[in-house]
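Visitor: Would you mind keeping the following structure in view while I ask a few things?
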DNA sequence: GTTCTAGAAC
DNA sequence: GTTCTAGAAC
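Numbering (the working numbering), first residue to last: 6 to 688.
What follows is the structure, given as structure tokens:
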């Protein structure tokens with residue numbers, strides 16, 4: 006991030022230039038707030054006062070009132086202030102934001118949303134080493150605070166919000182604030198907010214998900230004439246609403262009109278197809294939304310689409326048009342689109358003018374490299390999703406995490422594959438192009454939803470909406486070959502008498518055995534004996550009887566174990582993508598007390614959406630003909646969270662010492678539909 | 001699936 | 001120095 010000289014305080018008033026800044030740090034203990042303040046105060050030539058609640062009482066912790074008092078006196082002296090306290094929820098921040106009522110100031114938020122494990126380990130360090138207990142205490146404090154966090158929003162009254170998710174982000178933000186003199190300031194708006202880099206920190210998904218639908222943006226029902234200055238980006242219907250910030254954190258696809266510019270597709274027909282496809286998809290993209298973007302207010306396509314969408318009563322919160330540069334939607338238009346579509350050429354090459362040149366240009370060489378990894382060319386009517394590396398400026402400045410390249414039909418005789426006037430073919434290709442684009446966007450949304458659901462609450466209802474999408478993209482996966490070590494279960498299923506290692510029951514349809522490396526006190530596998538069902542993705546409606554048998558046998562064994570030990574709790578389910586060949590049901594006690602549970606993958610394979618409860622699998626197969634799979638690798642690298650209280654832990658040993666003592670009740674979704682089996686439920 | 005181990009993190 | 005993770009080999 007850097008300061009853009011052109012955007013530095015363009016109002017020109019001398020007084021304005023000396024406006025102090027109230028910089029509110031937002032972050033858990035250990036997120037680096039004090040380090041941030043120290044650095045800024047050391048290098049900045051602007052006069053800063055640090056308002057730190059931890060030390061405000063003569064070096065000891067003080068009160069919020071003391072912080073406010075110091076803030077007031079400092080502002081009166083014309084000094085800028087750094088509010089160094091957690092400020093994680095809206096209420097905690099509001100008193101400091103209200104300082105703008107009595108002082109002429111800009112209110113900034115600097116969000117230090119670093120991985121929970123990092124904050125915890127830093128807190129542990131700070132509180133001293135007094136054995137493991139101290140670590141547990143620090144984790145508990147950080148976890149408790151993180152439960153409360155609410156992402157700051159512009160509409161709380163901030164002039165500017167800077168989000169930091171890793172040390173690099175923090176360094177950039179420190180440099181930025183450190184470079185401020187008493188006269189320059191930073192442009193307003195929301196910067197760096199991201200929703201999708203879940204591999205870095207899955208925990209933020211829940212944080213960002215709690216957003217309201219956009220309130221003010223509507224696709225106008227009346228045909229107003231647009232008189233707004235063409236250089237000002239904003240919702241295309243009304244200039245007055247430009248000041249209203251868009252809600253960020255909602256998965257949003259910004260897309261240009263395909264084929265109408267360079268490829269000379271008829272605008273009337275194109276607008277009809279856009280609206281038709283939007284209508285078809287608008288309810289298939291979860292809480293996501295679609296935004297048609299065009300650079301100029303005079304654009305015919307926008308007004309045609311707008312009026313057609315209004316006639317069809319398409320929800321204006323889910324679909325609207327927007328005037329602005331598709332490569333600067335966040336920085337100039339304050340509209341965060343985590344996904345943008347590119348009107349690509351068939352060679353997927355940069356340059357050539359128009360949207361394609363602009364996007365490749367703004368994204369830097371990273372996009373070209375990432376694109377080449379995916380494909381070398383594109384057929385008309387198709388699209389391809391390219392995850393944007395975080396090093397790309399489009400990612401860091403605009404919050405774009407994916408670019409979807411789309412190729413529409415060509416009606417321009419000067420370009421290759423021209424359809425001339427064959428609109429029958431042309432319309433079909435254009436429809437295909439939008440279908441492919443919106444499907445690709447839907448898969449991105451689905452993956453994000455699944456990850457955020459996994460972070461505590463499960464949105465079964467929402468998942469149901471995605472029926473059809475994920476499966477399609479996932480089924481494209483080529484079946485992996487099984488390694489020699491992965492055949493053990495298969496061999497046992499086929500010849501249990503020969504390979505009887507650990508086998509405890511042999512029936513016609515299933516074999517039951519103790520897991521050779523149990524991940525809990527009790528851990529058995531119920532293996533299907535039929536040939537041809539290697540894994541969950543092979544399961545279809547015809548396998549419902551075997552699923553039911555496996556479930557019944559698994560339940561019987563769980564009950565047997567519960568008679569021996571009433572304190573156990575069992576869960577029955579399948580791995581979305583098993584390592585061992587031959588469909589097998591895990592019957593596993595929820596203590597996870599085992600020396601064989603050694604790494605993140607072991608934990609997450611039983612404690613993330615990757616683990617599919619047997620009851621849900623049976624229901625899905627009977628309703629949809631096949632089970633849902635959550636086989637994204639991301640689930641394996643998720644933060645380590647307690648299966649009961651959902652607290653985060655920095656590593657496996659810490660997690661294990663926590664779960665050994667955690668007595669919290671299980672999350673709600675596990676308590677429903679018989680997903681968990683207790684002694685009391687059966688006695 | 002596990003084991004082994006380099007090297008990152010503490 | 002020790003602990004812990006993650007990738008390769010099996």
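Using N, Cα and C, we set each Cβ at its ideal position, and we do this for glycine too.
1. Please report the residue range of the alpha helix (DSSP H) in which residue 26 lies.
2. Buried or exposed for residue 418, going by 16 or more other Cβ atoms inside 10 Å?
3. Can you look up residue 294 in the DSSP assignment and give me helix, strand or coil?
4. Tell me which residues share the same chain as residue 545 and place their Cβ nearer than 8 angstroms to its Cβ, disregarding the 5 neighbours each side in the sequence.
5. If you drop the 5 nearest sequence neighbours on each side, which residues of the same chain put their C-beta closer than 6 angstroms to that of residue 582?
6. Spatial neighbours of residue 36 within its chain, please: CB distance less than 6 angstroms, with the 5 preceding and 5 following residues excluded, ordered by chain position.
7. Could you tell me which residues DSSP puts in a beta bridge with residue 519?
8. Alpha carbon to alpha carbon, how far is residue 384 from residue 653? Give it in angstroms, no decimals.
9. For residue 668, is the classification buried or exposed, using 16 other Cβ atoms within 10 angstroms of its Cβ as the cut-off for buried?
10. Tell me, to the nearest whole angstrom, how far the beta carbon of residue 86 is from that of residue 99; I am working on the premise that it is less than 8 angstroms.
11. Just mark residue 227 as buried or exposed, buried being the case when its beta carbon has 16 or more other beta carbons within 10 Å.
12. Give the DSSP bridge partners of residue 578, in chain order.
13. At what residues does the beta strand (DSSP E) containing residue 510 begin and finish?
14. Got a sec, what are the start and stop residues for the beta strand (DSSP E) residue 86 sits in?
15. Please report how far the alpha carbon of residue 184 lies from the alpha carbon of residue 108, in whole angstroms.
16. What residue from 341, 670, 566 and 165 has the CA that sits closest to residue 400's CA?
17. Helix or strand or just coil, what does DSSP make of residue 370?
18. Along the chain, which unbroken stretches of the beta strand (DSSP E) at least 3 residues long are found entirely within the segment 637–672?
19. Taking Cβ positions, are residue 97 and residue 69 nearer each other than 9 angstroms?
20. To the nearest angstrom, report how far apart residue 126 and residue 260 are at their CA atoms.
21. Confirm, please, whether the CB-CB distance from residue 291 to residue 258 is below 9 angstroms.
22. Sorted by chain position, which residues of the same chain lie with C-beta nearer than 8 angstroms to residue 567's C-beta, five sequence neighbours on each side aside?
23. How should residue 426 be labelled, buried or exposed, when 16 other C-beta atoms within 10 angstroms of its C-beta is the threshold for buried?
24. Just curious, the beta strand (DSSP E) that residue 348 is in, first and last residue?
25. Applying the 10 Å Cβ sphere with the 16-neighbour rule, what's the burial state of residue 490?
26. Look up residue 248 in the DSSP assignment and say whether it is helix, strand or coil.
27. Please specify which runs of the alpha helix (DSSP H), each continuous and at least 4 residues long, are wholly inside the segment 270–322, giving them in chain order.
28. Does the distance from the CB of residue 408 to the CB of residue 347 come in under 9 angstroms?
29. Please determine if the segment 265–278 and the segment 171–186 are in contact, where contact requires at least 3 C-beta pairs separated by less than 8 angstroms.
30. Among 361, 495, 73 and 32, which has the Cα closest to the Cα of residue 533?
31. Taking the C-alpha atoms as reference points, what is the distance between residue 55 and residue 42?
32. For the beta strand (DSSP E) containing residue 411, list its first residue and its last residue.
33. For residue 355 versus residue 373, is the C-beta spacing smaller than 9 angstroms?
34. Taking all protein chains shown into account, do 16 or more other C-beta atoms lie within 10 angstroms of the C-beta of residue 660, making it buried, or fewer, making it exposed?
35. Please classify residue 565 as buried or exposed, where buried requires at least 16 other C-beta atoms within 10 Å of its C-beta.
36. Using DSSP with H/G/I as helix, E/B as strand and the rest coil, what is residue 43?
Guide: The answer reads as follows:
1. The count along the first chain starts at 1 and reaches residue 26 at position 21. Per DSSP, residue 26 belongs to no alpha helix (DSSP H); it is in the beta strand (DSSP E), 26–31.
2. As a first step, residue 418 must be located in the first chain, where it is residue number 413. Burial call: exposed.
3. Translated into positions along the first chain, residue 294 becomes position 289. It is a strand residue.
4. Position 540 of the first chain, counted from the first residue, corresponds to residue 545. Within the same chain, and ignoring the five residues on either side of residue 545 in sequence, the residues whose Cβ sits closer than 8 angstroms to its Cβ are 626, 630 and 631.
5. In the first chain, the residue the question calls residue 582 occupies position 577. By the criterion of a C-beta distance shorter than 6 angstroms, residue 582 is surrounded in its chain by 636, once the five residues flanking it on both sides are discounted.
6. Indexing the first chain from 1 puts residue 36 at position 31. Hits under 6 angstroms: 117, 119 and 124.
7. For this step, residue 519 is matched to residue 514 along the first chain. Note: residue 519 sits in a beta bridge opposite 529.
8. Here residue 653 corresponds to residue number 648 of the first chain, with the count starting at 1. Here residue 384 corresponds to residue number 379 of the first chain, with the count starting at 1. Taking the straight line joining both Cα atoms gives about 45 angstroms.
9. Here residue 668 refers to the residue found at position 663 when the first chain is read from its first residue. So residue 668 counts as exposed.
10. The residue given as residue 86 occupies position 81 in the first chain. The residue given as residue 99 occupies position 94 in the first chain. Not quite, the Cβ-Cβ distance comes to about 16 angstroms (not below 8 angstroms), so this is no contact.
11. Taking the first residue of the first chain as position 1, residue 227 is located at position 222. Caution is warranted here: a pLDDT of 39 is assigned to residue 227, below 50, making its placement in the model unreliable, and no coordinate value can be reported.
12. Within the first chain, numbered from 1, the residue matching residue 578 stands at position 573. According to DSSP, residue 578 shares a beta bridge with 591 and 618.
13. If you number the first chain from 1, residue 510 lands on position 505. Here the beta strand (DSSP E) through residue 510 covers 508–511.
14. As a position in the first chain, residue 86 is number 81, starting the count at 1. Per DSSP, residue 86 belongs to the beta strand (DSSP E) from 85–89.
15. Taking the first chain and counting its residues from 1, the one referred to as residue 184 is at position 179. Taking the first chain and counting its residues from 1, the one referred to as residue 108 is at position 103. Annotation: residue 184 to residue 108 spans about 23 angstroms, alpha carbon to alpha carbon.
16. Residue mapping note: residue 400 aligns to position 395 of the first chain, counting from 1. Distance from the Cα of residue 400 is smallest, within the candidate group 341, 670, 566 and 165, for 341.
17. What you label residue 370 is simply residue 365 of the first chain in a count that begins at 1. Note: residue 370 maps to helix in three-state DSSP.
18. Within the segment 637–672, no complete beta strand (DSSP E) run reaches 3 residues.
19. Position 92 of the first chain, counting from 1, holds the residue named residue 97. Position 64 of the first chain, counting from 1, holds the residue named residue 69. For residue 97 and residue 69, yes; Cβs fall inside 9 angstroms.
20. Counting from one through the first chain, the residue named residue 126 turns up at place 121. Counting from one through the first chain, the residue named residue 260 turns up at place 255. Rounded to whole angstroms, residue 126 and residue 260 show a C-alpha spacing of 42 angstroms.
21. Position 253 of the first chain, counted from the first residue, corresponds to residue 258. Position 286 of the first chain, counted from the first residue, corresponds to residue 291. At least 9 angstroms separates the beta-carbon of residue 258 from that of residue 291.
22. Position 562 of the first chain holds residue 567. Once the five neighbours on either side are set aside, the close Cβ partners of residue 567 are 573, 575, 682, 683, 684 and 687.
23. Position 421 of the first chain, counted from the start, is the residue given in the question as residue 426. Answer is exposed; the Cβ neighbour count stays below 16.
24. Position 343 of the first chain, counted from the start, is the residue given in the question as residue 348. From DSSP, the beta strand (DSSP E) with residue 348 extends over 344–348.
25. Against the first chain, residue 490 aligns to sequence position 485. With fewer than 16 Cβ atoms within 10 Å of its Cβ, residue 490 is classed as exposed.
26. Counting from one through the first chain, the residue named residue 248 turns up at place 243. Reliability fails at residue 248, whose pLDDT of 39 lies under 50, so the model's placement of it is uncertain and no value is given.
27. Runs found: 272–286 and 305–316.
28. Position 403 of the first chain holds residue 408. Position 342 of the first chain holds residue 347. In contact: residue 408 and residue 347 (Cβ atoms closer than 9 angstroms).
29. Touching, no.
30. Indexing the first chain from 1 puts residue 533 at position 528. Its Cα nearest to that of residue 533, the residue 495 stands out among 361, 495, 73 and 32.
31. Numbered from 1 along the first chain, position 50 holds the residue referred to as residue 55. Numbered from 1 along the first chain, position 37 holds the residue referred to as residue 42. Between residue 55 and residue 42, the C-alpha separation is close to 7 angstroms.
32. Start at 1 with the first residue of the first chain, and residue 411 comes out as number 406. That run of the beta strand (DSSP E) goes 407–412.
33. The sequence position of residue 355 within the first chain is 350, counting from 1. The sequence position of residue 373 within the first chain is 368, counting from 1. For the 9 angstroms CB-CB criterion, residue 355 and residue 373 form a contact.
34. For the purposes of this step, residue 660 is identified with residue 655 of the first chain, where counting begins at 1. Residue 660 comes out buried.
35. Along the first chain, one-based indexing puts residue 565 at 560. Exposed is the label assigned to residue 565, since fewer than 16 other Cβ atoms lie within 10 Å of its Cβ.
36. Looking up residue 43 in the first chain gives position 38. Correct three-state label for residue 43: helix.
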